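Accompanying notes for the structure given below.
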Amino acid sequence: MSQAAKAGDKLRIHYTGKLEDGTVFDNSEGREPLEFTIGAGEIIPGLDRGVVGMEVGETREVTIPPEEAYGERDAARIQSVPLEAVPDHIPTEPGSQLSVQTPEGQTVPVIVSDKTDTHLELDANHPLAGKTLTFEVMLVEVA
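FYI, in the numbering used here the residues of the sequence shown are 7 to 149.
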């Protein structure tokens, strides 16, 4: 007899993550199943809660609003930097992924979101911030 997944269980799942328009942003196809412990904060909260009660072999679709995924976009996480302050070897085209160091010494990933003749706009929001996500999840194993 199979058991329903509950808090504290270690699960292995296969998944496909999609945006509202159906665009796939991540999946486990061709990889080992994702392994995590329910309730341990190892994955986004909405997916963590969405697998509770699943049984091995079951497939479920879980829709997760931004606040249960990567949060809302935060304008405070977007900064404008003078182009003259950017070293020549740093890519400056929109879409480029960079790392910047905070005054406290932390490294933060950013994306160049805009470039003008004088400034670069750097966005430190998670690329999926502000988006509703849908996951198709198949429970492979409860360990």
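Ideal placement from N, C-alpha and C gives every residue a C-beta, glycine not left out. All figures in this text were calculated on a predicted structure; none of them were measured in a lab.
Can you find a CB in chain D that lies within less than 8 Å of the CB of residue i?
{"i": "glutamate 90", "result": "Among the chains of the structure shown, chain D does not appear; only one protein chain is present."}
Leaving out five residues before and five after residue i in sequence, what residues of the same chain have Cβ atoms less than 8 Å from its Cβ?
{"i": "glycine 56", "result": "Arg66, Val68, Ile70, Phe141, Val143"}
{"i": "aspartate 80", "result": "Asn131, Ala135"}
{"i": "glutamine 107", "result": "Thr113, Val114"}
Which same chain residues end up closer than 6 Å to residue i when comparing Cβ atoms and leaving out the 5 residues on each side of it in sequence?
{"i": "alanine 149", "result": "Lys16"}
{"i": "glutamate 41", "result": "Arg18"}
{"i": "glutamate 147", "result": "Arg18"}
Pop quiz: residue i and residue j are said to be a contact at Cβ under 8 Å. What is the actual Cβ separation, rounded to whole angstroms?
{"i": "leucine 145", "j": "valine 87", "result": "Leucine 145 to valine 87, Cβ: 45 Å. No contact."}
{"i": "isoleucine 117", "j": "tyrosine 76", "result": "So it is not a contact: roughly 14 Å between Cβ atoms."}
{"i": "glutamate 74", "j": "glycine 136", "result": "That belief does not hold up - the Cβ atoms of glutamate 74 and glycine 136 are roughly 13 Å apart, past 8 Å."}
{"i": "threonine 138", "j": "glutamate 64", "result": "Actually they do not touch by this definition, with Cβ atoms about 23 Å apart."}
{"i": "valine 184", "j": "glycine 23", "result": "Since the displayed the chain opens at 7 and closes at 149, residue 184 lies outside it and no answer follows."}
How far does the beta strand (DSSP E) with residue i in it extend, from its first residue to its last?
{"i": "glycine 23", "result": "16–25"}
{"i": "serine 102", "result": "No beta strand (DSSP E) holds serine 102; DSSP gives it neither H nor E."}
Quick check on this structure: which residue in the options has the alpha carbon closest to the alpha carbon of residue i?
{"i": "histidine 132", "options": "Gly28, Pro115, Leu126, Gln107", "result": "Pro115"}
{"i": "alanine 82", "options": "Lys24, Phe31, Asp129", "result": "Asp129"}
{"i": "serine 102", "options": "Ser119, Glu90, Gly28", "result": "Ser119"}
If you drop the 5 nearest sequence neighbours on each side, which residues of the same chain put their C-beta closer than 7 Å to that of residue i?
{"i": "lysine 12", "result": "Ile44, Val58"}
{"i": "aspartate 32", "result": "Gly23"}
>> So within the segment 43–96, which uninterrupted beta strand (DSSP E) runs reach at least 3 residues, ignoring any that extend past its ends?
In response: 65–70, 84–88
>> Going residue by residue through the segment 115–139, where are the continuous alpha helix (DSSP H) segments of at least 4 residues, counting only ones entirely within it?
In response: none
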